[in-house]
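K.L.:
Protein chains in written order, with our numbering: chain B, 1 to 292; chain E, 1 to 88.
One structure follows; several queries about it will come next.
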């Protein structure tokens with residue numbers, strides 16, 4: 001960072017721009033690496049707003065649902081619900097559980113798709129609006145931090161995957177009974193012998209932890225890397241005014257092309273990641289129904 | 001200076017090795033899918049769904065690594081430690 005102070009006072013350096021865009025709007029600063037009293041307010045607000053929006057859209061489709069010829073909106077929602085239902089039927093074989101799990105999968109898919117789609121907005125749009133609001137409210141706009149993609153926040157994705165873990169544990173106990181599940185914890189996967197109990201238990205714990213962590217971090221890694229690449233592409237555009245005329249214009253044109261290409265690729269990625277999260281939710285809850 | 005050069009090397013290795021693994025994995029999976037589709041075209045749609053799912057899973061570790069490497073490359077956390085050590 002010492003070498004980057006050479007930039008003029010007119011604007012942030014490349015590193016400062018990226019750090020500013022990677023800082024959350026928090027209620028207070030972290031004490032140490034793990035602090036449960038800190039809330040990322042920007043992620044929380046966007047998650048709640050988009051959750052309400054998703055519920056509202058699905059409710060609107062359900063309210064006017066007719067069994068006659070469907071309109072386009074109803075047909076689109078029906079395609080979505082049928083897709084999720086087909087996947088749920090293929091993975092969770094217990095019809096009673098599917099009454100909860102299939103809507104859970106639909107919620108997870110729609111919600112995560114909407115949260116991921118925030119990454120398609122221009123990188124500076126929401127932070128600039130927020131800095132303006134912050135300045136008008138009397139605070140210092142240079143400290144107005146806003147990250148608009150909630151799923152690029154580890155707290156949100158790990159929260160979602162821990163919700164799935166808790167659902168799995170509840171279903172484990174519900175299907176197998178407390179005694180049956182504890183028996184399985186100590187006897188699967190290696191076998192029912194007293195000397196194997198500690199190894200079985202360790203393997204089960206490792207399996208639960210690894211599944212949950214990878215579930216959350218996969219979504220986080222994809223969205224975080226995508227956001228960071230958008231920021232780096234935006235820096236290419238920022239070079240238009242600062243570098244000499246030739247390279248400046250070339251970088252700006254490159255920024256438009258690279259930005260378009262990456263945004264189009266990202267449309268695939270956000271849908272794919274929401275789909276993968278939903279499928280893994282179904283698979284993990286389905287595994288809670290299997291007897292080893 | 002050493003910390004910066006090591007971090008740059010580390011970022012390159014993380015992204016490069018991750019990409020090797022992910023690309024080889026996707027290549028193998030894609031070729032199997034194409035063979036299966038050629039053998040049994042009626043299963044193409046079903047297998048395509050599963051193929052996209054597997055693509056998401058295979059890319060996971062690689063993209064997590066890329067995210068961490070880009071974080072090191074741009075908002076380097078190790079430099080804060082240098083700033084603490086420097087005045088001494």
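A virtual CB, placed ideally from N, CA and C, is assigned to each residue, including glycine.
What is the C-beta distance between residue 56 of chain E and residue 14 of chain E, in whole angstroms, given that I count them as a contact (C-beta under 8 Å)?
P.N.:
Locating residue 56 of chain E in the second chain gives position 56, where the first residue counts as 1. Locating residue 14 of chain E in the second chain gives position 14, where the first residue counts as 1. Not really, about 20 Å apart at Cβ, beyond 8 Å.
K.L.:
Tell me, please, which residues DSSP counts as bridged to residue 40 of chain B.
P.N.:
Taking the first chain and counting its residues from 1, one reaches residue 40 of chain B at position 40. Paired residues: B:26.
K.L.:
Can you list the alpha helix (DSSP H) stretches of 4 or more residues lying completely in the stretch 239-287 of chain B, in chain order?
P.N.:
The stretch 239-287 of chain B contains these whole alpha helix (DSSP H) runs: 245-287.
K.L.:
Name the chain B residues whose beta carbon is nearer than 7 Å to that of residue 63 of chain E?
P.N.:
What you label residue 63 of chain E is simply residue 63 of the second chain in a count that begins at 1. Ordered by position in chain B, the residues that pass the 7 Å Cβ test against residue 63 of chain E are 221, 222, 225.
K.L.:
Going by beta carbon distance, what residues of the same chain come within less than 7 Å of residue 229 of chain B, once the five residues before and after it are set aside?
P.N.:
The residue given as residue 229 of chain B occupies position 229 in the first chain. Once the five neighbours on either side are set aside, the close Cβ partners of residue 229 of chain B are 262.
K.L.:
Have a look at B:212, B:93, B:107, B:178 and flag the residue whose alpha-carbon is nearest the alpha-carbon of residue 53 of chain B.
P.N.:
Taking the first chain and counting its residues from 1, the one referred to as residue 53 of chain B is at position 53. Minimum Cα distance to residue 53 of chain B is reached at B:107.
K.L.:
Extract the residue ranges of the alpha helix (DSSP H) inside the stretch 101-158 of chain B, only unbroken runs of 4 or more that lie entirely within it.
P.N.:
If we require 4 residues or more, the alpha helix (DSSP H) runs fully inside the stretch 101-158 of chain B come out as 125-136.
K.L.:
Quick one: measure Cβ to Cβ for residue 280 of chain B and residue 101 of chain B, integer angstroms, because I've assumed they're closer than 8 Å.
P.N.:
Taking the first residue of the first chain as position 1, residue 280 of chain B is located at position 280. Taking the first residue of the first chain as position 1, residue 101 of chain B is located at position 101. At roughly 13 Å, the Cβ-Cβ gap does not stay under 8 Å, so residue 280 of chain B and residue 101 of chain B are not in contact.
K.L.:
Which bits of chain E does residue 57 of chain B rub up against, with CB to CB less than 9 Å?
P.N.:
Locating residue 57 of chain B in the first chain gives position 57, where the first residue counts as 1. Here the premise fails: no neighbours, minimum Cβ distance about 24 Å.
K.L.:
DSSP state of residue 289 of chain B, grouped into three classes?
P.N.:
For this step, residue 289 of chain B is matched to residue 289 along the first chain. If DSSP states are grouped into helix, strand and coil, residue 289 of chain B belongs with coil.
K.L.:
Are the CB atoms of residue 159 of chain B and residue 63 of chain E nearer to each other than 7 Å?
P.N.:
Reading the first chain from its first residue, position 159 is the one you call residue 159 of chain B. Reading the second chain from its first residue, position 63 is the one you call residue 63 of chain E. Cβ atoms of residue 159 of chain B and residue 63 of chain E: not closer than 7 Å.
K.L.:
Pairing CB atoms from the stretch 146-164 of chain B with CB atoms from the stretch 20-33 of chain B, are three or more of them under 8 Å?
P.N.:
Yes: the two stretches touch, three or more of their Cβ pairs being nearer than 8 Å.
K.L.:
I need the boundaries of the alpha helix (DSSP H) containing residue 59 of chain E, first residue and last residue.
P.N.:
Within the second chain, residue 59 of chain E is the residue found at index 59, counting from 1. Counting along the chain, the alpha helix (DSSP H) containing residue 59 of chain E begins and ends at 44-74.
K.L.:
Report yes if the C-beta distance between residue 237 of chain B and residue 266 of chain B is below 7 Å; otherwise report no.
P.N.:
Residue mapping note: residue 237 of chain B aligns to position 237 of the first chain, counting from 1. Residue mapping note: residue 266 of chain B aligns to position 266 of the first chain, counting from 1. Their beta carbons are not under 7 Å apart, which means residue 237 of chain B does not touch residue 266 of chain B by this criterion.
K.L.:
Go ahead and pull the three-state DSSP assignment for residue 23 of chain E.
P.N.:
The count along the second chain starts at 1 and reaches residue 23 of chain E at position 23. Correct three-state label for residue 23 of chain E: helix.
K.L.:
Taking beta-carbon pairs under 7 Å, can you tell me which members of the stretch 17-51 of chain E lie near chain B?
P.N.:
So the list is empty, because no residue satisfies the distance condition.
K.L.:
In whole angstroms, give me the CA-to-CA distance for residue 124 of chain B and residue 186 of chain B.
P.N.:
Taking the first chain and counting its residues from 1, the one referred to as residue 124 of chain B is at position 124. Taking the first chain and counting its residues from 1, the one referred to as residue 186 of chain B is at position 186. Roughly 52 Å separates the two Cα atoms.
K.L.:
When the Cα atoms are used, what is the spatial distance from residue 89 of chain B to residue 98 of chain B?
P.N.:
By one-based count along the first chain, residue 89 of chain B stands at place 89. By one-based count along the first chain, residue 98 of chain B stands at place 98. Straight-line Cα distance between these residues: approximately 8 Å.
K.L.:
Are there 16 or more other CB atoms within 10 angstroms of the CB of residue 63 of chain B, so buried, or fewer, so exposed?
P.N.:
As a first step, residue 63 of chain B is located in the first chain; it is residue number 63 there, counting from the start. Exposed: under 16 other Cβ atoms inside 10 Å.
K.L.:
Is the shortest distance between the beta-carbon of residue 54 of chain E and the beta-carbons of chain B less than 7 Å?
P.N.:
On the second chain, position 54 is the one that residue 54 of chain E refers to. No, residue 54 of chain E lies away from the interface with chain B (no Cβ there is under 7 Å from its Cβ).
K.L.:
Can you name the residues of chain B whose CB is closer than 7 Å to the CB of residue 67 of chain E?
P.N.:
Here residue 67 of chain E refers to the residue found at position 67 of the second chain. By Cβ distance, chain B contributes 221, 224, 225, 228.
K.L.:
Quick one: what's got a C-beta closer than 8 Å to residue 74 of chain B's C-beta in the same chain, skipping five residues either side?
P.N.:
Counting from 1 along the first chain, the entry for residue 74 of chain B is found at position 74. Hits under 8 Å: 61, 64, 65, 66.
K.L.:
So what does DSSP say about residue 4 of chain B, is it helix, strand or coil?
P.N.:
Position 4 of the first chain holds residue 4 of chain B. Residue placement at residue 4 of chain B is flagged as unreliable, the pLDDT there being 38, under the threshold of 50; the coordinate-derived value follows with that caveat. In this structure, residue 4 of chain B counts as helix in the three-state DSSP scheme.
K.L.:
List the residues of chain B whose Cβ lies closer than 7 Å to the Cβ of residue 57 of chain E, in chain order.
P.N.:
Against the second chain, residue 57 of chain E aligns to sequence position 57. Going along chain B in sequence order, the residues near residue 57 of chain E (Cβ under 7 Å) are 276.
K.L.:
Would you report the Cα separation of residue 154 of chain B and residue 249 of chain B, rounded to the nearest angstrom?
P.N.:
If you number the first chain from 1, residue 154 of chain B lands on position 154. If you number the first chain from 1, residue 249 of chain B lands on position 249. Using only the alpha carbons, I get a separation of about 37 Å.
K.L.:
Answer with yes or no whether the minimum CB distance from residue 70 of chain E to chain B is below 7 Å.
P.N.:
Numbered from its first residue, the second chain carries residue 70 of chain E at position 70. Cβ-Cβ to chain B under 7 Å: yes for residue 70 of chain E.
K.L.:
Please work out which residues of its chain come closer than 7 Å, Cβ to Cβ, to residue 134 of chain B, disregarding the five sequence neighbours upstream and downstream, and give them in chain order.
P.N.:
Numbered from 1 along the first chain, position 134 holds the residue referred to as residue 134 of chain B. The answer, listed in chain order, is 141, 144.
K.L.:
Among residues of its own chain, excluding the 5 on either side of residue 47 of chain E, which ones have a beta-carbon nearer than 7 Å to its beta-carbon?
P.N.:
The residue you call residue 47 of chain E lines up with position 47 of the second chain. Once the five neighbours on either side are set aside, the close Cβ partners of residue 47 of chain E are 33, 36, 37.
K.L.:
Can you pull the chain D residues whose beta carbon is under 8 Å from the beta carbon of residue 217 of chain B, in chain order?
P.N.:
Among the chains of the structure shown, chain D does not appear; the protein chains present are B and E.
K.L.:
Where does residue 67 of chain B fall in DSSP's three states?
P.N.:
Locating residue 67 of chain B in the first chain gives position 67, counting from the first residue. Residue 67 of chain B falls in the coil class under three-state DSSP.
K.L.:
My assumption, with CB atoms under 8 Å, is that residue 225 of chain B sits in contact with residue 112 of chain B. Please give the rounded CB distance.
P.N.:
Stepping through the first chain from its first residue, residue 225 of chain B is reached at position 225. Stepping through the first chain from its first residue, residue 112 of chain B is reached at position 112. Actually they do not touch by this definition, with Cβ atoms about 16 Å apart.
K.L.:
Does the Cβ of residue 27 of chain B have 16 or more other Cβ atoms within 10 Å, making it buried, or fewer, making it exposed?
P.N.:
On the first chain, position 27 is the one that residue 27 of chain B refers to. Residue 27 of chain B should be labelled exposed.
K.L.:
Classify residue 215 of chain B as buried or exposed, calling it buried when 16 or more other Cβ atoms lie within 10 Å of its own Cβ.
P.N.:
One-based indexing of the first chain puts residue 215 of chain B at position 215. Looking at its Cβ environment, which holds 16 or more other Cβ atoms inside 10 Å, residue 215 of chain B is buried.
K.L.:
How long is the line joining the alpha carbons of residue 43 of chain E and residue 21 of chain E, rounded to whole angstroms?
P.N.:
Translated into the one-based positions of the second chain, residue 43 of chain E becomes position 43. Translated into the one-based positions of the second chain, residue 21 of chain E becomes position 21. When rounded, the distance between both Cα atoms is 28 Å.
K.L.:
Nearest-angstrom Cα distance between residue 38 of chain B and residue 109 of chain B?
P.N.:
Position 38 of the first chain, counting from 1, holds the residue named residue 38 of chain B. Position 109 of the first chain, counting from 1, holds the residue named residue 109 of chain B. Rounded to the nearest angstrom, the two C-alpha atoms are 27 Å apart.
K.L.:
I need the DSSP call for residue 9 of chain B, collapsed to helix, strand or coil.
P.N.:
Looking up residue 9 of chain B in the first chain gives position 9. Its pLDDT being 45, under 50, residue 9 of chain B is placed unreliably by the model, and nothing is read from it.
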